Each structure stands twice: as C-alpha cells, then as structure tokens.
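Beneath this line is the structure, given in structure tokens, with notes to follow.
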Amino acid sequence: MTVVSLMEVGNIVTRERTKATGVKAMCSVLYKLAVPMRWVDLSESFGHSPSGLSNIFLHTTLHLNGDLLDSKLEEFSEAMFAAGAPYTKIWCFIDGTVRRVCRPQPQKVCGKRKYLTQQSVYNGHKRKHSLKFQSLMTPDGMISHLFGPFPGRNHDIKYNSRCDERFKDYRIFRDCAYGRDDVMLSPFGKAVGNMTAVQLQISSSMRKLRVSVEWVLNYWKTLDVKSNLRTGTQPVGKMYHVGVLMNNCITCLRGGNTASDYFKVKFPNIREYLHST
Numbered sequence: 001m002t003v004v005s006l007m008e009v010g011n012i013v014t015r016e017r018t019k020a021t022g023v024k025a026m027c028s029v030l031y032k033l034a035v036p037m038r039w040v041d042l043s044e045s046f047g048h049s050p051s052g053l054s055n056i057f058l059h060t061t062l063h064l065n066g067d068l069l070d071s072k073l074e075e076f077s078e079a080m081f082a083a084g085a086p087y088t089k090i091w092c093f094i095d096g097t098v099r100r101v102c103r104p105q106p107q108k109v110c111g112k113r114k115y116l117t118q119q120s121v122y123n124g125h126k127r128k129h130s131l132k133f134q135s136l137m138t139p140d141g142m143i144s145h146l147f148g149p150f151p152g153r154n155h156d157i158k159y160n161s162r163c164d165e166r167f168k169d170y171r172i173f174r175d176c177a178y179g180r181d182d183v184m185l186s187p188f189g190k191a192v193g194n195m196t197a198v199q200l201q202i203s204s205s206m207r208k209l210r211v212s213v214e215w216v217l218n219y220w221k222t223l224d225v226k227s228n229l230r231t232g233t234q235p236v237g238k239m240y241h242v243g244v245l246m247n248n249c250i251t252c253l254r255g256g257n258t259a260s261d262y263f264k265v266k267f268p269n270i271r272e273y274l275h276s277t
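Last residue of the sequence shown? That's 277 in the UniProt record's numbering, and every number before it is there in order.
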C-alpha cells in the first residue's frame, strides 16, 4: 500500500470508462509482467473482463513510465575507485540489451502516428526481431538511467550522442565493442599477447568490476516472452521501463543487492527513490 501511495496511483478511470482501485491497478501490472498469461485467464481473479484488464494495464503503465535518474555521481565514482577502478570519475556501467518482440504486422499509418517496420526491428546479429535499450547500472545496485527503446537493427554506438548532458564530466565504462573516447571507457580491444603490462592490468581490473544488468528482468517473465510483446498494439518500451522501475523498488525494499554490497554504497530507501524519479 505504501508503494502504491508513493507512486501516486489512485483510483483510476480509463478512457474506456473502466474503473479500478490503485491497489488493483498496481497488482494487475505486476502480475501481468511477472506471469506471461492471457487476460482471459486473469479476468476471474481480478473481477474484470479481459478487455477491461487490458485497459487498466495500459492506463497504469503509462502513468508509471518515468525518468530513472540518480544524481549521486561523485559518491558513485569514489566507490568505483575504492573498489579498484584504475580511473577516476567512472560512475556506472553501460550495457546494451536486446529484447525480442513479435514480428511487426503491416499497419496503416494514420496522421502522424508511425509504426516500426519488420526491417527496422530485425537484428541481423541476433537473427530476431527486437528492440534495444541501454541501461546505466550504478554501484548502489540500481538502474539509474534507461535509454530506449531503439529499433533492433541499429548498433548500440549510434545512441551514444543521446546520453544525458548532466553526465558529461564523468566517465562510463562500457563493452570494448563501443571503442574509447573522453567520456566512454572500455577494455582494450587488443589480443592479450599484444597488450602492455599496464593495459593488461587496467583491462583485468575493470572486467572484475563490470556488473551485468541482464538480471534486471528476472522477476518479469512476460518481458522474456516475445509473443506477449507486439509493437504497434502494445506499449512495449513503456512496459520495459516499468519493469526496471519495479525492479529498483524491489532492490530498495529488500535492502540492496550484490552490487551495492560489493561496492559498499548505500542504496536509497523506497521513499527517496520514488521521489527522485
């Protein structure tokens, strides 16, 4: 109940005139994201028709979609350096994530509304239709910023220029496929035998610190089932954002995670986190 009130999810009335309490709306979103079931299978449990539950889910998802930004950059960079990072001002890890979606069906474009085509979302490397996201994982174990969704066919490096200007004085550690510049750092891409001793030490220390963010959606099985993710008819990108938001809430409520324990950084409490989003 506290989380519902902090997220300001009150009693809702959708544009289709479907009514639900804030608690029921939140429960329907969490259940749908966690369990890949059809609305018809959930209608008896929630006391709404399948179409009514779909309306409630969409309404609540749009309400919860927000900016996941944490501004404690100096504290994060100091924690990274104390943990063994060879550079100063590194405050997070960036990771590109490819999420499978259904093959888009041809849609008639009405007015300014645009639909993603099959060609735009097809990822040749993964050989699947997908959307891409870039997540910034900070030492407190939170996903502090999320970019996306982007069409699956494009390389992650294309979106580097879209990074928030508030991060420009700090550095982000990323995969070696991105290369290196004044803001983004990555392991040296040379073969081990061609590296100097210093380069080997730097790459080794940073790889030990790198934190994967793939575990973020372990709670939300629906986001791993592509048949439930239909671009053009569902807000797939916003569903992913809400999954990250809820995962961060779980980290706060459970008292941190492996990353926050490793870097010895205090995670925000649920009230602080939700007031900062």
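No residue lacks a Cβ here, since even glycine has one placed at the ideal position from N, Cα and C. All of these numbers come straight from a predicted model, not from anything done at the bench.
(request) Have a look at Glu44 and Thr2 and give me their C-alpha separation to the nearest angstrom. (result) Taking the sequence shown and counting its residues from 1, the one referred to as residue 44 is at position 44. Taking the sequence shown and counting its residues from 1, the one referred to as residue 2 is at position 2. Those two C-alpha atoms are separated by around 26 Å.
(message) Does Phe267 come out as helix, strand or coil in the three-state DSSP assignment?
(response) The count along the sequence shown starts at 1 and reaches residue 267 at position 267. Note: Phe267 maps to coil in three-state DSSP.
(request) Give me the Cβ distance between His129 and Arg100, rounded to the nearest whole Å; I'm assuming they're in contact under 8 Å. (result) The sequence position of residue 129 within the sequence shown is 129, counting from 1. The sequence position of residue 100 within the sequence shown is 100, counting from 1. 7 Å between Cβ atoms; contact.
(request) Would you kindly work out how many angstroms separate the C-alpha atoms of Cys102 and Leu223, rounded to a whole number? (result) By 1-based counting over the sequence shown, the position of residue 102 is 102. By 1-based counting over the sequence shown, the position of residue 223 is 223. Between Cys102 and Leu223, the C-alpha separation is close to 12 Å.
(message) Please identify the residue among Leu253, Thr97 and Ser144 whose C-alpha is closest to the C-alpha of Asn123.
(response) Stepping through the sequence shown from its first residue, residue 123 is reached at position 123. Looking at the Cα atoms, Thr97 is the closest of the given residues.
(request) Compare the C-beta of Leu53 against all C-beta atoms of chain C and say whether one is closer than 7 Å. (result) Absent from the structure is chain C; it holds one protein chain and no more.
(request) Run the CB neighbour count on Asn269, radius 10 Å, all protein chains shown included, and call it buried at 16 or more, exposed below. (result) If you number the sequence shown from 1, residue 269 lands on position 269. So Asn269 ends up on the exposed side.
(message) Let me confirm a value: Gln119 is counted as buried when at least 16 other C-beta atoms fall within 10 Å, else exposed. Which label applies?
(response) To locate residue 119, count along the sequence shown from 1; it is residue 119. It counts as exposed.
(request) Flag this pair as yes or no: are the beta carbons of Ser186 and Arg171 separated by less than 7 Å? (result) Walking along the sequence shown from the start, residue 186 turns up at place 186. Walking along the sequence shown from the start, residue 171 turns up at place 171. No, the pair does not count as a contact, with Cβ atoms beyond the cut-off.
(message) Thr18 and Pro235 - do their beta-carbons sit closer together than 7 Å?
(response) Taking the sequence shown and counting its residues from 1, one reaches residue 235 at position 235. Taking the sequence shown and counting its residues from 1, one reaches residue 18 at position 18. Not closer than 7 Å, so no.
(request) Drop a sphere of 10 angstroms on the beta-carbon of residue 281, count the other beta-carbons inside from all chains shown, and report buried for 16 or more, exposed for fewer. (result) Residue 281 cannot be examined here, being either before or after the span of the chain that is shown, 1 to 277.
(message) Would the segment 22 to 41 count as touching the segment 236 to 252 if we require 3 or more Cβ pairs under 8 Å?
(response) yes
(message) Please return the same chain residues whose Cβ sits closer than 7 Å to the Cβ of Leu146, not counting the five positions on each side in sequence.
(response) Taking the first residue of the sequence shown as position 1, residue 146 is located at position 146. Same-chain partners within the cutoff: Leu68, Phe133, Ser135, His241 and Val244.
(request) State the beta-bridge partners of Phe147 as determined by DSSP. (result) For the purposes of this step, residue 147 is taken as residue 147 along the sequence shown, with counting starting at 1. Gln134, per the DSSP bridge assignment.
(request) Drop a sphere of 10 angstroms on the beta-carbon of Asn11, count the other beta-carbons inside from all chains shown, and report buried for 16 or more, exposed for fewer. (result) In the sequence shown, the residue the question calls residue 11 occupies position 11. The residue is exposed, with fewer than 16 neighbouring Cβ atoms inside 10 Å.
(request) Grab me the residues of Asn228's own chain with a C-beta within less than 6 Å of its C-beta, minus the 5 sequence neighbours each way, in chain order. (result) To locate residue 228, count along the sequence shown from 1; it is residue 228. Pro36 and Thr222.
(request) Could you have a look at Val4 and say whether DSSP puts it in helix, strand or coil? (result) Here residue 4 refers to the residue found at position 4 when the sequence shown is read from its first residue. Of the three classes helix, strand and coil, the one that applies to Val4 here is helix, per DSSP.
(message) According to DSSP, is Asn228 part of a helix, a strand, or is it coil?
(response) In the sequence shown, the residue the question calls residue 228 occupies position 228. In this structure, Asn228 counts as helix in the three-state DSSP scheme.
(request) Could you check how far apart the C-beta atoms of Arg271 and Leu6 are, in whole angstroms? I think they sit under 8 Å. (result) Within the sequence shown, the letter at position 271 stands for residue 271. Within the sequence shown, the letter at position 6 stands for residue 6. Between Leu6 and Arg271 the Cβ distance is about 6 Å, and since that is below 8 Å, they are a contact.
(message) Tell me the rounded alpha-carbon separation between Pro149 and Glu78.
(response) What you label residue 149 is simply residue 149 of the sequence shown in a count that begins at 1. What you label residue 78 is simply residue 78 of the sequence shown in a count that begins at 1. For Pro149 and Glu78, the distance between alpha carbons rounds to 31 Å.
(request) Could you check what DSSP says for Ser212 in three-state terms: helix, strand or coil? (result) On the sequence shown, position 212 is the one that residue 212 refers to. Only weak support is given to the placement of Ser212: the predicted model assigns it a pLDDT of 47, under 50, and the value that follows is read from those uncertain coordinates. Correct three-state label for Ser212: coil.
(message) Helix, strand or coil for Lys19? Go by DSSP, reduced to three states.
(response) As a position in the sequence shown, residue 19 is number 19, starting the count at 1. Looking at Lys19 - three-state DSSP - the assignment turns out to be strand.
(message) Within 10 Å of its beta-carbon, does His59 have 16 or more other beta-carbons around it, so buried, or fewer, so exposed?
(response) By one-based count along the sequence shown, residue 59 stands at place 59. Buried, because 16 or more other Cβ atoms sit within 10 Å of the Cβ of His59.
(message) Using 8 Å for Cβ pairs, my map puts Val225 next to Glu75. What's the rounded Cβ distance?
(response) Position 225 of the sequence shown, counting from 1, holds the residue named residue 225. Position 75 of the sequence shown, counting from 1, holds the residue named residue 75. Wrong, their Cβ atoms sit about 38 Å apart, outside the cutoff.
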